Structures are given as structure tokens and as C-alpha cells.
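Novice:
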Amino acid sequence: MATDEFLKQEIKQISENYTAEKTGGFISGDGPIPCNILFVGEAPGKTEVEEGKPFVGMAGKNFEKFLTSIGLSRNEVRITNTCFFRPIKTKEGTSGRITISNRPPKTSEVNLFREILNKEIELVNPKIIVTLGNIPLKRLTNFKSIGECHGNLFLNTDLNRYVFPMYHPSALTYNRNEEFYSMYKEDWTKLKEALNKI
Ligand code: URA
1 MATDEFLKQE IKQISENYTA EKTGGFISGD GPIPCNILFV GEAPGKTEVE EGKPFVGMAG
61 KNFEKFLTSI GLSRNEVRIT NTCFFRPIKT KEGTSGRITI SNRPPKTSEV NLFREILNKE
121 IELVNPKIIV TLGNIPLKRL TNFKSIGECH GNLFLNTDLN RYVFPMYHPS ALTYNRNEEF
181 YSMYKEDWTK LKEALNKI
């Protein structure tokens, strides 16, 4: 079976050899191996690449707040991504200044890391995989949209593992209303209940 070090080397190699688009650096998963709970995000952003860890930027702050609200700490869970490099887009302003921002990974970019994520899942051997947002949802289930399945526990029969889809924590930034917040909070409560069941 692959080791954590092997995965890191593979991620480095795939990311450095990818020339179809400019990317903004890469990271690997973080947390204990093996681990009962594996959170799978989309792709790292600027802060994640700077600090070399997933979910340490703005979305990560929200994530950690809700994680601790259900009695879990970061060092008890494994956190990884679907695409391991930072997908970026550049824009040139009228003054000629270039700005760099994040973009969602393309399907082809997710597919570059298909085997890596499979191997990480095998290595971590989680009882439950929590997908954060649409990108890992589509990669690990047959659902088309997070709206139709969030907050529920499903069995992925290919992986023979439970998957619990959640909104991406950055959705809180785009949906600044009480209704969304309550629903998101409720999903974390449901995750806690699911963890007690499995
Ligand atoms: N968003 C993600 O999906 N992954 C990260 O690692 C950070 C932010």
C-alpha cells in the first residue's frame, strides 16, 4: 500500500509536470493515518499553499469553528483535497497590473489526482468520508449537486464506505443569511449524529 511520503512525492511530480495551465503551488493531505474521519475539500488556495496545509485560510476558519462545535479538533481528523494544486486564473488590469485569483479545478485536473485520492482513502481507511462542496461530491458520489443530498449519510458501494456530503465552508461567505447559516449548522449536528451511529 502507498505511504504518506509516496503520495507527497506523486503530488509534487504531477503538479510540477502539469503545463496545460499555470498553477499556484500544491499541498498534500494533513492529519493522522489511519483516521476514522476524512474530510475532502476542493483544492487549496493561496494561504493553504503558503502554510502547506489544507483549510487554513478563510474557509478553513469557518470549517474549524464548526468542527470544534461538534467536539472534534483538527488533529483528530484527516483533511485532504480533490485537486492538490491551486488552480488559478490571472487577469490584467487597465494599468497592466496582473491579479491572480482561485478558480474551481477542471474535471481533467481532478482526474490527474484520481489515483492519488483513491490511494489516500485506502491509506487513511476512514469510516466516513465528508465531502465539502460540489467538486468532491461529484468525484466521490453520483450526485450532481450538493443541494439534493447535503446532511445525509450514503453508502458508496464502489468504495464500500460511508459518504456524508456537506456544503463547502466558503458557501457561508456567499450566502450571508440566517436561513443558510441555520441549515449549515444543522448539517454539522447531523454529522455528529451520523458519527455516533457508524
Ligand atoms: N478550500 C478547499 O477546498 N480546500 C482547501 O484546502 C482550502 C480551501
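Take the sequence shown: its letter number 48 is residue 48 in UniProt numbering, and every next letter is one higher. Beta carbons: idealized from backbone N, C-alpha and C, even for Gly. Since the model is a prediction, treat every value here as computed from it, not as a measurement.
1) DSSP beta-bridge partners for L155?
2) Roughly how many whole angstroms lie between the Cα atoms of I146 and R97?
3) Would you check if the region 51 to 64 and the region 91 to 110 touch, i.e. whether three or more CB-CB distances between them fall below 8 Å?
4) Give me the Cα-Cα distance between I129 and N160, rounded to the nearest whole angstrom.
5) Could you tell me the alpha carbon to alpha carbon distance between F85 and T23, rounded to whole angstroms?
6) Excluding sequence positions up to five away, which residues of its chain have a Cβ less than 7 Å from the Cβ of E120?
7) With a cut-off of 8 Å, do at least 3 Cβ pairs link the region 173 to 180 to the region 190 to 198?
8) Start and end of the alpha helix (DSSP H) containing N54?
9) When the Cα of R103 is compared with those of F113, I116 and K89, which residue comes out closest?
10) DSSP three-state call for residue 234: helix, strand or coil?
11) Given this structure, state the Cα-to-Cα distance separating residue 214 from I135, to the nearest angstrom.
12) Determine the direct distance from the alpha carbon of P34 to that of K12, and round the result to whole angstroms.
13) Are the CB atoms of L172 and N62 nearer to each other than 9 Å?
14) For ligand 1, any of its heavy atoms closer than 8 Å to the Cβ of I129?
15) When every heavy atom of ligand 1 is checked, does at least one fall within less than 8 Å of the C-beta of P165?
16) Classify A43: buried if its beta carbon has 16 or more other beta carbons within 10 angstroms, exposed otherwise.
17) Please report how far the alpha carbon of T19 lies from the alpha carbon of R139, in whole angstroms.
18) Please classify V77: does DSSP put it in a helix, a strand, or coil?
19) Taking buried to mean at least 16 other C-beta atoms within 10 Å of its own C-beta, is I100 buried or exposed?
Specialist: With the structure as the only source:
1) Y162
2) 36 Å
3) no
4) Distance between the alpha carbons of I129 and N160: 11 Å.
5) 7 Å
6) L7, G29 and T80
7) no
8) Asn is not the amino acid found at residue 54; the sequence shown has Pro there. Element bounds for P54: n/a, residue is neither H nor E.
9) If we check each option's Cα against that of R103, K89 comes out closest.
10) In the structure displayed, the chain extends from 1 to 198; residue 234 sits before or after that span and is not available.
11) In the structure as shown, the chain begins at 1 and stops at 198. Residue 214 is therefore absent and cannot be evaluated.
12) Approximately 22 Å, taken between the alpha carbons.
13) yes
14) no
15) no
16) The residue is buried, with at least 16 neighbouring Cβ atoms inside 10 Å.
17) 23 Å
18) coil
19) Exposed, since its Cβ has fewer than 16 Cβ neighbours within 10 Å.
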